[in-house]
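Heads up: the structure comes next, in structure tokens.
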Amino acid sequence: MTPRLLGAVEDSRAGNKARREQKSSGERCCVSKANCCQLIYQQLLLLKMKLYCLSGHPTLPCNVLKFKSTTIMLDCGLDTTSVLNFLPLPLVHSPRLSKLPGWVSKDGTINLGKELKECAGRVFVDAQPEFCLPERELLDLSTIDVILISNYHCMMALPYITEHTGFTGTVYATEPTLQIGRLLMEELVNFMERVPKAQSATSWKNKEIQRMLPGPLKDAVDVWMWKRCYSMQEVNSALSKVQLVGYSQKVELFGAVQVSPLSSGYSLGSSNWIIQSHHEKVSYVSGSSLLTTHPQPMDQSSLKNSDVLILTGLTQMPTANPDGMLGEFCSNLAMTIRAGGNVLVPCYSSGVIYDLLECLYQFIESANLGTTPFYFISPIANSSLEFSQIFAEWLCHNKQTKVYLPEPPFPHAELIQTNKLKHYPSIHGDFSSEFRQPCVVFTGHPSLRFGDVVHFMELWGKSSLNTIIFTEPDFSYLDALAPYQPLAMKCVYCPIDTRLNFHQVSKLLKEVQPLHVVCPEQYTQPPLTQSHRSDLMLELQPPPMPYRRCSVLNLPFRRRYERIYILPELANSLVPSEIKPGVSVATVSALLHSKDNKHTLQSVPKPPPMPPSKKRKRVIEEPPVALAPKPMLSGAVALEAFLATLQKHGITEVKVEETADGHILHLQAEDTLIQLEEDGTHIVCDSEPLRTTLRDLVLRFLQKL
Amino acid sequence: MPEIKVTPLGAGQDVGRSCILVSIGGKNIMLDCGMHMGYNDDRRFPDFSYITQNGRLTDFLDCVIISHFHLDHCGALPYMSEMVGYDGPIYMTHPTKAICPILLEDFRKITVDKKGETNFFTSQMIKDCMKKVIPLNLHQTVQVDDELEIKAYYAGHVLGAAMVHIKVGSESVVYTGDYNMTPDRHLGAAWIDKCRPDILISESTYATTIRDSKRCRERDFLKKVHESIERGGKVLIPVFALGRAQELCILLETFWERMNLKAPIYFSTGLTEKANHYYKLFITWTNQKIRKTFVQRNMFEFKHIKAFDRSYADNPGPMVVFATPGMLHAGQSLQIFKKWAGNEKNMVIMPGYCVQGTIGHKILNGQRKLEMEGRATLDVKLQVEYMSFSAHADAKGIMQLIRMAEPRNMLLVHGEAVKMEFLKGKIEQEFSIDCYMPANGETTTVTTNPSVPVDISLNLLKREMALGGPLPDPKKPRTMHGTLIMKENSLKLVSSEQALKELGLNEHQLRFTCHVQLQDPHSDADTLHRIYTHLKSVLKGYTIQHLPDGTVIVESIVIKVSSSTEDSNTKVLLLSWSYQVQIGPHSTLKKVIVT
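Listed in order, the protein sequences are those of chains Z and W.
Each residue of the first sequence is one higher than the one before, starting from 1 at the first, in the numbering used here.
Each residue of the second sequence is one higher than the one before, starting from 706 at the first, in the numbering used here.
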């Protein structure tokens, strides 16, 4: 008997091995192996998360996140620094600009006199200014499902993306972002269309020619991608695709992903975004501020527990303190006015201008400027001032309480009422007759290449009494001024950038503790001009993953779980058993439904009974998918208790033999062997009914999983 | 079985004193906290002793939500929070938070200062109460605590009116407050997404009205005003400073513009300027048309409507005057009324409800002789008109909202029992869902059947999805097998193997072996090979291996052959398999081999 048993035991090991091998190949499947592999591979591909970086500008980002099976564009920033290479567009004929000499290469072989003009020692393109668009070749933009906008400065490229790429998705933005974004686009279009320039310049973009040009034109990149401004029709069409959202609103995308905007504290309606599923969370932080200006404070706590945090839009002026700059702004303004000069403030028509006006409101009386006229000139000046007053929900607490009184939240309402601040759509019309000097003029565009500001540069540039105060950080002021040189007017540079600085951001990251940080490469090294300032970069553990224009990053996710819903009927039928104190298990066999990226489990309907003759055939023909697999077993069979149980079932003649790993029970009357070990039981029995009985007895001692 | 309980303390088969308690997922929420305009005694406020006999309400309520600023929805709030005692969060939208304290103060002044009631809430109490208010933004998901979340939707009706979606786990309730499904002169239409709540609690003021009667009422109103002006009469419209007044102003303003009328319209001084200001600052809550044009022309800056001075009342010729308060019980409206009451060419239009005992109530009931202070009597000769301008959804609108939200159950409040009964029948017939209409103090219990959210191991899910066939077919569901681990509050579904590993358990192998004898004259190796080829041909789709060590393995069943010691023609087949083997009983295999 013993040799037979040993042989059987050996065989059982072989069987185990076979089973293990099967397990390790990960397939219990009946479809062909190749098919199965391919499918699993496809699934894995879908689960991979990638970030495509379409803009290299850290504060005007445009990234595409592939998260689960959803393609999400994060912001749609338009890099407008390219316009600095163009000549200004004067509102009234400028003899100076029209008489500029054309550019001819030193050896005289290339004459681009029609396209390029020399001005103040630099070469400028004489055509309608063009913008540097987000990369369009890195991935098929028509596959984008949604675009999430964080603030109105980061949506200016929207018409280029939504109108000319086959985009069919939805854009999500808050109401102030949409309304003010629309105004800023309207203004841009208006600035361009007011001074039509038929000529388009393309010859200089030829690689061979561009190589010969003096800097900075020579070093301009991707010049073939530069595009002229869009039309109002394109703006309207693009913005019709916007769906409004409120802070902390949860928006479901295709059942797989939930996105939610959070207050970012930077501008009216500005938001950071949470993109998450039940088990993964990506935070997108863009243009955030911790300073107390007019917008609602930043929501920091909701950024906690992120797997990946994408960080963009830090301050462009890490060494300039906004409060200090504001003080300097006021004192320079007052000094110039007292000396009888005019002050020109080139600025955007929404944003920091509200804070500047509020600051001046408090400053005017004390500085004895009560009679100085303040002018705000922009095609959208009136709308911008009006809109700022109706977004109470999006303002800081102080301003919100004003609305309850009810008073307008911004004091510029009072400045307008008392005639201290006047706004005009342009220098033409009423303004020219009502305009008094000395005065302060707020007007755009901050690049000094188009808009009403061009006229004031021509008008006031020649006198040293006047001052231009730069407050916007987006453009280098020296480059902005280049085509106006030589200038007699004073230039003051007070860039006010309220976005997070490196100190604030490292504190924030310590607080919210994301597992990984992704950021533009500019943030991972000190600024070029201040290479010793290691405090002006991000130092993190693990180090941030840097990106640049055209990078494609694989995001590190350890996705291990997915949400599934057990329907009530099935949930009620489950029988949990306690394995350890506080831990219970239940085996589940259920039908899996996957629809719209949502998975549910429901009870398996009882199969209709079939005639036995047919049944056997079916078992053989049909792959065994429909059969519930037997559970895995755990625990051990205690010898004494098992013997007692056997006895109860009339099996009394049992010979027990001790072995190295346990015992061998010889049921003599039945000619059956049972090998009991710590991690296994082996029943050697030729009679099927007895074997079934013995099996059930053994199972009583074991836990089923 | 989890259940949701709804108990109206007010507005159950009634209009006024809206206050509905909801118990959902172990949370208790109070929806609205209104007063009844028709009572002056205890019945004025909801019976909060229903919640607790003694002690503060804070321990029993998780939050209070106010749908809009009308007093029948928020009038009892300071009483509840400051006099009964509640310190938990109170949620309302920004405009409601701005306007509600003003109306409460108005109401307090009338009750205490004019009627001399004591034991009423004070101005300070209103202020303290408002400090407990947390403003809600539309569509913002507010986490009241870890489990309870609320979300507000636009309801139309009045400035800042909201519907609210209350969710705990996968159970949810929507409360509509008062709403309006068609945009009116200054507000948009209510909207909600397909949130499929377990219960939709809807107002049913106009449960039996089908057509849009508001336009007709407006035309009526304009016609009456116009006729009166044409014959040189004066029209007095007593209003409260906020709400209906602005709507009527827009109505008259546009009418005057269109008809090019010259008669002056006045708005009595005081709050008016301020009130219009609220509308200007909360322009985002008005309808699309007003929002779109507000920069060019703010609808709440009226060209034809000018501030009133008391001396104007004696001016000759026609005029229209809006004056406060709305029930003619005191103040400017009463003064003007006394002056104009004697002339039958004049007209007074009451655009809202009047409390018993007020002059407004008396004249609406047809009283033509009024006793004034000092035993004087006043003969009422002018025309008295009543028109309700409240914006509520009609039966069509209520059905439309049900279609939008797709609730599993419906519960009607804020309406008359008879009308509710009619609507209930219609709803049950059209949507085949249960519809309830509890009376005040009566509890409706609805059993919910939530699915259980579980975290499934991605490996298991991927494996099961892959098993579904080369192309996932949504119509052919796949069976999946796994082990559910319940630990503390987490539910995880993993494969059995992973469950063993995670729980730190050893696997226990259970194997079976049996012997089968058969007659075969070939050598052991040949017999085995014949068995192998036979199995191969019979068992399609199974993994069958012939190993060099003299075994055949079918899935994980091991087959070995040896010759009997006595007779070399008798072969002993040794079959060994484990408990988990799927091919079915070994006898199947045996039959296959033997035949």
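Every residue, glycine too, gets a C-beta built ideally from N, C-alpha and C.
Fair warning: this is a prediction, and the values are worked out from it, not measured in the lab.
Have a look at the options and flag the residue whose alpha-carbon is nearest the alpha-carbon of residue i.
{"i": "residue 133 of chain Z", "options": "Z:148, Z:162, Z:421, Z:126", "result": "Z:162"}
{"i": "residue 353 of chain Z", "options": "Z:405, Z:456, Z:446, Z:406", "result": "Z:446"}
{"i": "residue 138 of chain Z", "options": "Z:210, Z:62, Z:107", "result": "Z:62"}
{"i": "residue 101 of chain Z", "options": "Z:123, Z:86, Z:94", "result": "Z:123"}
{"i": "residue 253 of chain Z", "options": "Z:166, Z:659, Z:72", "result": "Z:72"}
{"i": "residue 706 of chain Z", "options": "Z:670, Z:74, Z:95, Z:651", "result": "Here chain Z comprises residues numbered 1 to 705, so residue 706 of chain Z is not present and cannot be evaluated."}
{"i": "residue 708 of chain Z", "options": "Z:563, Z:561, Z:501", "result": "No answer is possible for residue 708 of chain Z: it lies beyond the span of chain Z, which begins at 1 and ends at 705."}
{"i": "residue 543 of chain Z", "options": "Z:98, Z:506, Z:691", "result": "Z:506"}
{"i": "residue 376 of chain Z", "options": "Z:339, Z:333, Z:388, Z:425", "result": "Z:425"}
{"i": "residue 90 of chain Z", "options": "Z:195, Z:526, Z:530, Z:243", "result": "Z:195"}
{"i": "residue 560 of chain Z", "options": "Z:636, Z:504, Z:279", "result": "Z:279"}
{"i": "residue 178 of chain Z", "options": "Z:198, Z:156, Z:575, Z:524", "result": "Z:156"}
{"i": "residue 112 of chain Z", "options": "Z:190, Z:200, Z:48, Z:577", "result": "Z:200"}
{"i": "residue 393 of chain Z", "options": "Z:403, Z:386, Z:571", "result": "Z:403"}
Can you tell me whether residue i is buried or exposed? The criterion is at least 16 other CB atoms within 10 Å of its CB, across all chains shown.
{"i": "residue 1004 of chain W", "result": "buried"}
{"i": "residue 405 of chain Z", "result": "exposed"}
{"i": "residue 848 of chain W", "result": "exposed"}
{"i": "residue 758 of chain W", "result": "exposed"}
{"i": "residue 109 of chain Z", "result": "exposed"}
{"i": "residue 292 of chain Z", "result": "exposed"}
{"i": "residue 452 of chain Z", "result": "buried"}
{"i": "residue 763 of chain W", "result": "exposed"}
{"i": "residue 1077 of chain W", "result": "exposed"}
{"i": "residue 518 of chain Z", "result": "buried"}
{"i": "residue 870 of chain W", "result": "buried"}
{"i": "residue 1002 of chain W", "result": "exposed"}
{"i": "residue 121 of chain Z", "result": "exposed"}
{"i": "residue 581 of chain Z", "result": "exposed"}
{"i": "residue 25 of chain Z", "result": "Reliability fails at residue 25 of chain Z, whose pLDDT of 40 lies under 50, so the model's placement of it is uncertain and no value is given."}
{"i": "residue 532 of chain Z", "result": "exposed"}
{"i": "residue 414 of chain Z", "result": "exposed"}
{"i": "residue 1098 of chain W", "result": "buried"}
Under 8 Å by Cβ, that's how I've got residue i and residue j pegged, so tell me the actual separation to the nearest angstrom.
{"i": "residue 711 of chain Z", "j": "residue 349 of chain Z", "result": "With chain Z covering 1 to 705 only, the question about residue 711 of chain Z has no answer from this structure."}
{"i": "residue 717 of chain W", "j": "residue 1144 of chain W", "result": "5 Å"}
{"i": "residue 297 of chain Z", "j": "residue 268 of chain Z", "result": "Actually they do not touch by this definition, with Cβ atoms about 13 Å apart."}
{"i": "residue 934 of chain W", "j": "residue 895 of chain W", "result": "In fact, because the Cβ distance is near 35 Å, the residues do not count as touching under 8 Å."}
{"i": "residue 204 of chain Z", "j": "residue 115 of chain Z", "result": "5 Å"}
{"i": "residue 1157 of chain W", "j": "residue 708 of chain W", "result": "Not a contact, Cβ separation roughly 16 Å."}
{"i": "residue 380 of chain Z", "j": "residue 187 of chain Z", "result": "5 Å"}
Sequence ranges, beta strand (DSSP E) only - wholly within the segment 296-358 of chain Z, length at least 3: 308-311, 343-346
Three-pair Cβ contact test at 8 Å for the segment 802-810 of chain W versus the segment 823-832 of chain W: yes
Runs of beta strand (DSSP E) lying entirely within the segment 663-690 of chain Z, each at least 3 residues, in chain order: 672-677, 680-684
Segment contact flag, the segment 895-912 of chain W with the segment 944-955 of chain W, C-beta cutoff 8 Å, min 3 pairs: no
Cβ pair count under 8 Å reaching 3, the segment 1011-1018 of chain W against the segment 986-997 of chain W: no
Touching by the beta-carbon criterion (3+ pairs, under 8 Å), the segment 74-87 of chain Z and the segment 136-153 of chain Z: yes
Within the segment 1124-1172 of chain W, ranges of the beta strand (DSSP E) (whole runs, at least 3 residues): 1139-1141, 1149-1152, 1157-1162
Sequence ranges, beta strand (DSSP E) only - wholly within the segment 67-155 of chain Z, length at least 3: 70-74, 116-119, 122-125, 146-148
Segment contact flag, the segment 1152-1170 of chain W with the segment 1196-1213 of chain W, C-beta cutoff 8 Å, min 3 pairs: yes
Three or more C-beta pairs below 8 Å linking the segment 770-778 of chain W and the segment 862-877 of chain W: yes
Alpha helix (DSSP H) runs contained entirely in the segment 536-573 of chain Z, provided each spans 4 or more residues: 568-573
Validate contact between the segment 1106-1126 of chain W and the segment 896-908 of chain W using beta carbons, cut 8 Å, 3 pairs: yes
Runs of beta strand (DSSP E) lying entirely within the segment 979-1014 of chain W, each at least 3 residues, in chain order: 1010-1012
Secondary structure, beta strand (DSSP E): runs of 3+ residues fully inside the segment 904-959 of chain W: 904-908, 939-943
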